[in-house]
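Colleague:
Protein chains: 2
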Amino acid sequence: MDALTIHEAARTTGWSARMLRYIEQIGLVEPDRSASGYRQYGPGELQRLRTLRELLDEHDLGPADVAFALRLRRDGALRAGVDAWLEAEPSRPETVSAADWLRWEQEKHARLLGAAGAPTSTMETTTR
Amino acid sequence: MDALTIHEAARTTGWSARMLRYIEQIGLVEPDRSASGYRQYGPGELQRLRTLRELLDEHDLGPADVAFALRLRRDGALRAGVDAWLEAEPSRPETVSAADWLRWEQEKHARLLGAAGAPTSTMETTTR
DNA sequence: CAAACCTTGACAAACCGTTGGTAAGGTTCA
DNA sequence: TGAACCTTACCAACGGTTTGTCAAGGTTTG
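Same order as they appear, the protein sequences are chains A and B. Numbering of the first sequence is given in our numbering, commencing with residue 47 and proceeding in unit increments. Numbering of the second sequence is given in our numbering, commencing with residue 47 and proceeding in unit increments.
1) Compare the Cα-Cα distances from Asp78/B to each of Tyr68/B, Gly90/B and Ile72/B and report the closest residue.
2) What does Glu104/A touch in chain B if you count any residue whose Cβ is under 8 Å from its own?
3) Taking DSSP as the reference, what is the three-state secondary structure of Ser62/B?
4) Is it true that the segment 54-74 of chain B meets the segment 95-114 of chain B, where meeting means three or more beta-carbon pairs spaced less than 8 Å apart?
5) Using only CA atoms, which one of Leu101/B, Gly83/B, Tyr84/B and His105/B lies nearest to Leu132/A?
6) If distances are taken between C-alpha atoms only, which option among Ala115/A, Arg117/A, Gly108/A and Arg64/A comes closest to Arg85/A?
7) Can you tell me whether Gln152/A is helix, strand or coil according to DSSP?
8) What does Gln93/A pair with, by DSSP beta-bridge criteria?
9) Provide the residue span of the alpha helix (DSSP H) that contains Asp129/B, from first to last.
10) Please report the straight-line C-alpha distance between Leu107/A and His53/B, rounded to a whole angstrom.
11) Look at Ala56/B and Ser62/B and say whether their C-beta atoms are less than 8 Å apart.
12) Apart from the five residues just before and just after Val128/A, which ones in its own chain have a Cβ nearer than 7 Å to its Cβ?
13) Here's the rule I'm using: 16 or more other beta-carbon atoms within 10 Å means buried, otherwise exposed. How should Ala49/B be labelled?
14) List the residues of chain B that Trp131/A touches, going by C-beta distances under 8 Å, in chain order.
15) Using a Cβ cut-off of 8 Å (strictly closer), state whether Arg79/B contacts chain A.
16) Identify the residues that DSSP records as bridge partners of Tyr87/A: which are they?
17) Arg189/A bridges to which residues according to DSSP?
18) How many Å lie between Ser82/A and Thr58/A at the Cα?
19) Going along chain B, which residues have a C-beta under 9 Å from Ala134/A?
20) Excluding sequence positions up to five away, which residues of its chain have a Cβ less than 8 Å from the Cβ of Val112/B?
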């Protein structure tokens, strides 16, 4: 056998054993298992754990942030959707389609109608 | 005047006014302001708010996830760090540097010393 | 002017991420 | 065998996210 157990890995990386299980649970560092189910941390996992610590400290992140970045990397549809949304960054009018302008005009119309007639509802739109 | 107020924007996008302020706070949709400080939602912002809703629903995200993706996109050092960490995905021994092997050997040595002379078996060292 | 907007700021509740602990039970080894 | 590991599964506490509501005060407009 050539790998550290979870508590040994914890001691040499600075994480707690509890956190090593958590980090595995969210998919960041997944050690091999022995035949009887013991986690086996090899040099690769240890390096990953140490650099993960540095990464989190350096940029003030949580493990969940890195897990989300991992999800972004693995789920192409997610990445595409997020990228597309972020692409249309500020309120650039060029990014607005003709259909949006149409809806825009309809809304302006609705506003004028609403102001003219019925008492305006002061309730905030709550949608769950 | 050609833009919607916050409550009007809320009504037409399905968000609550409170959430529009929150979404602005985390940097996702930042409307212009009138001279007196009123938020002004134009067609671009309205479209962004609608597609944001779709994005979150479709992939089961929270606003903070998208905010983190935005941070990833804007902060090059952050993106580089996260990417570098994710790059070395599984426990591929090829991704382990010589320095890591050195540290690895040192650790194995320390373990053996702690076990007070167990020859082949390299199991735990109780240090509490 | 006054009603009905808007602003920021604060408090609060519900949930989740993070972390520790503990209990019940299997594994290893001196 | 028994001590000292390991496993999973749960409960708990603290803090951050998400959302609502309210208060004090400025703006717009009929």
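Glycine included, C-beta positions come from ideal geometry on N, C-alpha and C.
Modeller: Looking at the coordinates:
1) Gly90/B
2) Gly127
3) DSSP, read as helix, strand or coil, puts Ser62/B in coil.
4) yes
5) Leu101/B
6) Selected option, being the one with the closest Cα: Arg64/A.
7) Caution applies to Gln152/A, whose pLDDT of 47 falls short of 50 and renders its modelled position unreliable; the value that the coordinates give is listed next. Reduced to three states, the DSSP call for Gln152/A is helix.
8) Note: Gln93/A sits in no beta bridge, so no partner.
9) Asp129/B -> alpha helix (DSSP H) spans Gly122 to Glu133.
10) Answer to the nearest angstrom: the Cα atoms are 34 Å apart.
11) Yes, they are a contact pair.
12) Leu118
13) buried
14) Arg94, Thr97, Leu98, Leu101 and Val112
15) no
16) Leu50/A
17) Absent from the structure is residue 189/A, since the part of chain A shown begins at 47 and ends at 174.
18) 23 Å
19) Gly90, Gln93, Arg94 and Thr97
20) Here the set comprises Leu74, Leu98, Leu101 and Leu102.
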